[in-house]
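From first to last, the protein sequence lines are chains V and L. Taking my numbering, the leading residue of the first sequence gets 1, the next gets one more, and so forth. Taking my numbering, the leading residue of the second sequence gets 1001, the next gets one more, and so forth.
2 protein chains.
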Amino acid sequence: MPKYTKKDFDTHKVRRFLEPGPIVLVSSAHKGETNIMTMGWHMIMEFEPSLIGCYIWTENHSFEMIRRSKQCVINIPTVDLAAKVVKIGNSSGREIDKFSEFGLTPKPGTHVRAPLIDECYANFECRLADSSLIRKYSLFVLEVVKAHVATSPKYPRTIHYRGDGEFMISGTNTSRYRKLFRPQML
Amino acid sequence: MPKYTKKDFDTHKVRRFLEPGPIVLVSSAHKGETNIMTMGWHMIMEFEPSLIGCYIWTENHSFEMIRRSKQCVINIPTVDLAAKVVKIGNSSGREIDKFSEFGLTPKPGTHVRAPLIDECYANFECRLADSSLIRKYSLFVLEVVKAHVATSPKYPRTIHYRGDGEFMISGTNTSRYRKLFRPQML
Chain V
1 MPKYTKKDFD
11 THKVRRFLEP
21 GPIVLVSSAH
31 KGETNIMTMG
41 WHMIMEFEPS
51 LIGCYIWTEN
61 HSFEMIRRSK
71 QCVINIPTVD
81 LAAKVVKIGN
91 SSGREIDKFS
101 EFGLTPKPGT
111 HVRAPLIDEC
121 YANFECRLAD
131 SSLIRKYSLF
141 VLEVVKAHVA
151 TSPKYPRTIH
161 YRGDGEFMIS
171 GTNTSRYRKL
181 FRPQML
Chain L
1001 MPKYTKKDFD
1011 THKVRRFLEP
1021 GPIVLVSSAH
1031 KGETNIMTMG
1041 WHMIMEFEPS
1051 LIGCYIWTEN
1061 HSFEMIRRSK
1071 QCVINIPTVD
1081 LAAKVVKIGN
1091 SSGREIDKFS
1101 EFGLTPKPGT
1111 HVRAPLIDEC
1121 YANFECRLAD
1131 SSLIRKYSLF
1141 VLEVVKAHVA
1151 TSPKYPRTIH
1161 YRGDGEFMIS
1171 GTNTSRYRKL
1181 FRPQML
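This is the structure we're talking about:
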């Protein structure tokens, strides 16, 4: 399993890791219980405050835990964790303790009570910023209030879901097009 | 420039190409004018109807065109078009005709008046399904009403933006984890 040394990261720059669209693990805590869910439907919504829109299905055990505790952590797993990511998505926190079942390490956060998943490349502590779209769209608008990112490698090898059991694994990173950008459009 | 033969595709399965998080080109038409914008902030919101949430900045010329015409096309460019994608993002439809300026071919859609970009791997014709989140979040909830996807290759080499002029290019596709999924979780 991967072991990362992490440092604080600018919360307004989490797009660097989320905008490319990886599958993420969302960890939560409520009334002495913790849980983890696999999530593929999310998007950046704002830089400042650092807002992320997340679709969480009402049937997920995490749905009520996050809605009630108003907190969670978005964790970015790398391809080494792909099998665990699938198994976490297959199982329910109603029946098992996912941290213990899948041998993952819960690490205390600094701004929320939900635990970070230590084996993930990055951990973004989030507060529920707007609950008004939950009923209609299962859409949680979260604000990233603290970010922890691995010091190496520069970019993680992330897994991106296509549905039907197929993943795309992130490929090459390039700044060769950077010179074409107008500075204000970066 | 890429040249694709396309066929009709199930609108409820567009996640196959959007959920991995590529940069897309959004084409629109309003009052005899067409335009193209580059978009990185989007997410799947529902399978049936096939809903996509899209953040469109108020300063974009496309913002009013899509809001007023209530239609657009989400086009998926491959890495061959990366330089054009950047230049489209850098420029404004207020000043130039982007189809002509960047040598792209507008192709009539079947369900909307916005043109498809023929050189893209896939084209998803969309109608504005919900405008109520535009004011607060610049969030357009679009419904995919018709999808056209290239017959080959099976998956496109897409570009995924990290901010700061850096892209991730999609890598390997794999179904090796498929056997771990419970059928209902695919």
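Backbone N, C-alpha and C fix where the C-beta goes; we use that ideal spot for every residue, glycine too. Since we're looking at a predicted model, the values are computed, not measured.
When Cβ-Cβ separations below 9 angstroms define contact, V:ILE96 makes no contact with chain L.
Contacts with chain L (Cβ-Cβ distance below 7 angstroms) from the region 39-52 of chain V involve GLY40, TRP41, HIS42, MET43, ILE44, MET45, listed in chain order.
L:SER1170 is positioned such that its CB atom lies closer than 9 angstroms to that of V:GLY171. Chain L has no Cβ within less than 9 angstroms of the Cβ of V:TYR121.
Bridge pairing for V:ASN75: V:LEU25, V:ASN123 [DSSP]. Checking the DSSP bridge columns, you'll see V:LYS84 has no partner listed. Each residue's CA atom was taken as its position, placing V:ILE56 and V:MET168 some 22 angstroms apart.
At a Cβ-Cβ threshold of 9 angstroms, L:ILE1052 and L:HIS1030 do not count as neighbours. Nearest to L:ASN1173 by C-alpha distance, out of V:ILE76, V:SER27, V:SER69, V:ARG157, is V:ARG157. In summary, the residues of the region 149-168 of chain V whose CB is separated from some CB of chain L by less than 9 angstroms are TYR155, ARG157, THR158, ILE159, HIS160, TYR161, ARG162, GLY163, ASP164, GLY165, GLU166, PHE167, MET168, in the order they occur in the chain. Taking a C-beta distance under 9 angstroms as the contact criterion, V:MET45 and V:ILE74 do not qualify as a contact pair. Residue environment for V:SER100: exposed (fewer than 16 other C-beta atoms within 10 angstroms of its C-beta).
Neighbourhood of L:ARG1016 in chain V, by CB distance below 9 angstroms: ARG162, GLY163, ASP164, GLU166, in chain order. Annotation for V:GLU64: the continuous alpha helix (DSSP H) segment containing it runs 61-69. Among the residues facing chain V, L:LYS1087 is included, as its CB has a counterpart in that chain under 9 angstroms away. The Cβ atoms of V:VAL112 and V:PHE17 do not sit closer than 9 angstroms to each other. Of all residues in the region 1170-1185 of chain L, those with a C-beta nearer than 7 angstroms to a C-beta of chain V are SER1170, GLY1171, THR1172, ASN1173, THR1174, SER1175, TYR1177, ARG1178, LEU1180, PHE1181, ARG1182, MET1185, reading in chain order.
Under DSSP, L:SER1131 shares a beta bridge with no residue.
Distance from the CA of V:ARG135 to the CA of L:PHE1102, rounded to the nearest whole angstrom, comes to 43 angstroms. With contacts defined as CB atoms closer than 9 angstroms, L:PRO1022 and V:GLY21 qualify as a contacting pair.
For V:SER170, DSSP records a beta bridge to L:SER1170.
For V:ASN75, the nearest beta carbon of chain L is not closer than 9 angstroms to its own beta carbon. Across the region 52-70 of chain V, CB contacts with chain L closer than 7 angstroms involve GLY53, TYR55, in sequence order along the chain.
Pairing L:ILE1036 with L:SER1027, the inter-Cα distance amounts to about 4 angstroms. Taking a beta-carbon distance threshold of 9 angstroms, V:GLU143 does not count as an interface residue toward chain L.
A direct Cα-to-Cα measurement between L:ASN1060 and V:GLU119 gives close to 40 angstroms. The secondary-structure analysis by DSSP pairs V:THR34 across a beta bridge with V:ALA29.
Pairing V:LYS84 with V:HIS160, the inter-Cα distance amounts to about 14 angstroms. Contact annotation: in the region 1004-1030 of chain L, residues whose CB is within less than 8 angstroms of a CB in chain V are LYS1013, ARG1015, ARG1016, PHE1017, GLU1019, PRO1020, GLY1021, PRO1022.
L:GLU1019 and L:GLY1032 have their C-alpha atoms roughly 32 angstroms apart. When rounded, the separation of the alpha-carbon atoms in V:LEU139 and V:HIS12 is 21 angstroms. With its beta carbon at least 9 angstroms from every one in chain L, V:ALA114 lies outside the interface.
Scanning its chain for C-beta atoms nearer than 6 angstroms, with the 5 sequence neighbours on each side dropped, one finds around L:GLY1089 the residues THR1038, in chain order. DSSP places V:LEU104 in the coil class of the three-state scheme, outside both helix and strand. In terms of Cβ geometry, L:LYS1003 and L:THR1151 do not form a close pair [threshold 9 angstroms]. Boundaries of the beta strand (DSSP E) harbouring L:LEU1139: 1139-1150, taken from the DSSP string.
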